[in-house]
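One structure below.
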Amino acid sequence: MHIICPHCTTSYAVDSATFGDAGRTVRCSRCKETWRAMPEKVAVAAARVPSMAGADEAAGWTEPARAIPSIDSPSIASDLPETPEPGGTQQELAGAWTSPAQQDNTPQPQADKRPLTSRLRGLLKPRFALRGAAVNLNIVCVAMAAMVLALVIWRAEIVRLLPQTATFYRLAGLEVNLRGLVFKDVKMSSETVDGKPVLIIEGMIVAQTRKPVELPRLRFSVRDAHGSEIYAWNAVLEQAALKPGENVWFRSRLASPPPEGRSIDVRFFNRRDLATGSGV
Numbered sequence: 100m101h102i103i104c105p106h107c108t109t110s111y112a113v114d115s116a117t118f119g120d121a122g123r124t125v126r127c128s129r130c131k132e133t134w135r136a137m138p139e140k141v142a143v144a145a146a147r148v149p150s151m152a153g154a155d156e157a158a159g160w161t162e163p164a165r166a167i168p169s170i171d172s173p174s175i176a177s178d179l180p181e182t183p184e185p186g187g188t189q190q191e192l193a194g195a196w197t198s199p200a201q202q203d204n205t206p207q208p209q210a211d212k213r214p215l216t217s218r219l220r221g222l223l224k225p226r227f228a229l230r231g232a233a234v235n236l237n238i239v240c241v242a243m244a245a246m247v248l249a250l251v252i253w254r255a256e257i258v259r260l261l262p263q264t265a266t267f268y269r270l271a272g273l274e275v276n277l278r279g280l281v282f283k284d285v286k287m288s289s290e291t292v293d294g295k296p297v298l299i300i301e302g303m304i305v306a307q308t309r310k311p312v313e314l315p316r317l318r319f320s321v322r323d324a325h326g327s328e329i330y331a332w333n334a335v336l337e338q339a340a341l342k343p344g345e346n347v348w349f350r351s352r353l354a355s356p357p358p359e360g361r362s363i364d365v366r367f368f369n370r371r372d373l374a375t376g377s378g379v
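In terms of this note's numbering, the sequence shown opens at residue 100 and continues consecutively.
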């Protein structure tokens, strides 16, 4: 036998023996409405369903076999009260009914079937890429800073190995001292001996090397107002070498200095002096 929902005309196959003379309250699983199905209505529905099916076949329509499920009658009314109870949840009241109207055709998102390790790798890869780029940039900056510091600290050794780099340091305003010796507290004074003027040049030499260094001869030059050298002489120090951080005083005298002299330079004797024949 069949019953038809008076609200949406959905048909359900039921057992008429379970309705009795007083009928029973049922709920449509499609429109969620309830009504009391009577035995005579069940019989009428049974007659209408075949006729409707014949009309559908004549029109060329056929209902899918799963569109009208067969339901065991006790499962319909076993959990339903005699009268509708608005307070009951629709999920509890409609759980015993099935129909094509309950099918949800909404596309469901497909679950990611990749392994967990692959998904984690995909999420973490961009972060590690950015972090790796930052780390590489930091390494490059540190390496460049270390290289610049080395060029400044060991500039004497670099110029000694590569003399052409001396121009670079000169342009950068960095002094390159290949000898590791510096002059300090150089001063001049004059005195008169036997009625003749005597020029006195004195000062200190300091060793700034990490190992003992030999002391070369000193070169003194008298220059005129135009900066031209008009007289020069050499002096040999009594001490032959200096240890790291050690210093030595020097003193030289020039009797009857040239009257046109305006300044005196003090430096170490070098190879150019040998080439000019001023090694005396």
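From the three backbone atoms N, C-alpha and C, an ideal C-beta is built for every residue, glycine too.
Note that this is a predicted model, so its numbers are computed, not measured.
>> Quick test of the definition: if touching needs 3 or more C-beta pairs under 8 Å, does the segment 279-289 touch the segment 256-267?
In response: no
> How is Ala334 classed by DSSP in three states: helix, strand or coil?
Replying inline: strand
>> So, with DSSP's three-state summary, where would you put Thr124?
In response: strand
> Rounded to a whole number of angstroms, what is the C-alpha to C-alpha distance between Leu277 and Ala306?
Replying inline: 11 Å
> Pick from Leu280, Val247, Asp293: whose alpha carbon is nearest that of Ala271?
Replying inline: Val247
>> Please identify the residue among Ala255, Trp253, Gly119, Val335 whose C-alpha is closest to the C-alpha of Val365.
In response: Val335
> In whole angstroms, what is the alpha-carbon distance linking Asp293 and Arg316?
Replying inline: 29 Å
>> Let me check understanding here. Comparing Cα to Cα, which of Trp134, Ile299, Met243, Tyr268 lies closest to Ser362?
In response: Ile299
>> Assuming Arg269 is part of the alpha helix (DSSP H), what are its boundary residues?
In response: 265-270
>> So Ile304 and Phe349 are supposed to be a Cβ contact under 8 Å. How far apart are they, rounded?
In response: 6 Å
> At what residues does the beta strand (DSSP E) containing Ala306 begin and finish?
Replying inline: 295-306
> I think Leu314 touches Ala339, with their Cβ atoms under 8 Å apart; what is that distance to the nearest whole Å?
Replying inline: 6 Å
> Thinking C-alpha only, which one of Arg129, Cys130, Thr117 is nearest Met137?
Replying inline: Thr117
> In three-state DSSP terms, what is Thr108?
Replying inline: coil
> Does DSSP classify Ala255 as helix, strand or coil?
Replying inline: helix
> What do you get for Thr106, buried or exposed, if any count of 16 or more other CB atoms within 10 angstroms of its CB means buried?
Replying inline: For clarity, residue 106 is His in the given sequence; the question names Thr instead. Label assigned to His106: exposed.
> When DSSP labels each residue in this structure, what does Val324 get in the three-state scheme?
Replying inline: It should be pointed out that residue 324 corresponds to Ala in this sequence rather than to Val. Ala324: coil per DSSP, three-state reduction.
> CA-CA distance, Cys104 and Ala121?
Replying inline: 18 Å
> On the three-state DSSP scale, how would you describe Arg316?
Replying inline: coil
> What distance in whole Å lies between the Cβ atoms of Val281 and Arg254, which are believed to be in contact at a cut-off of 8 Å?
Replying inline: Actually they are not in contact, since the Cβ atoms of Arg254 and Val281 sit about 15 Å apart, beyond 8 Å.
>> Could you check whether Cys127 and Thr108 sit closer than 7 Å to each other, using their CB atoms as the reference points?
In response: no
> If we ignore side chains and look at the alpha-carbon of each, how far apart do Leu373 and Gly360 end up?
Replying inline: 24 Å
> What residue does the beta strand (DSSP E) around Lys131 start on, and which one ends it?
Replying inline: Careful: Lys131 lies outside any beta strand (DSSP E) and carries neither H nor E.
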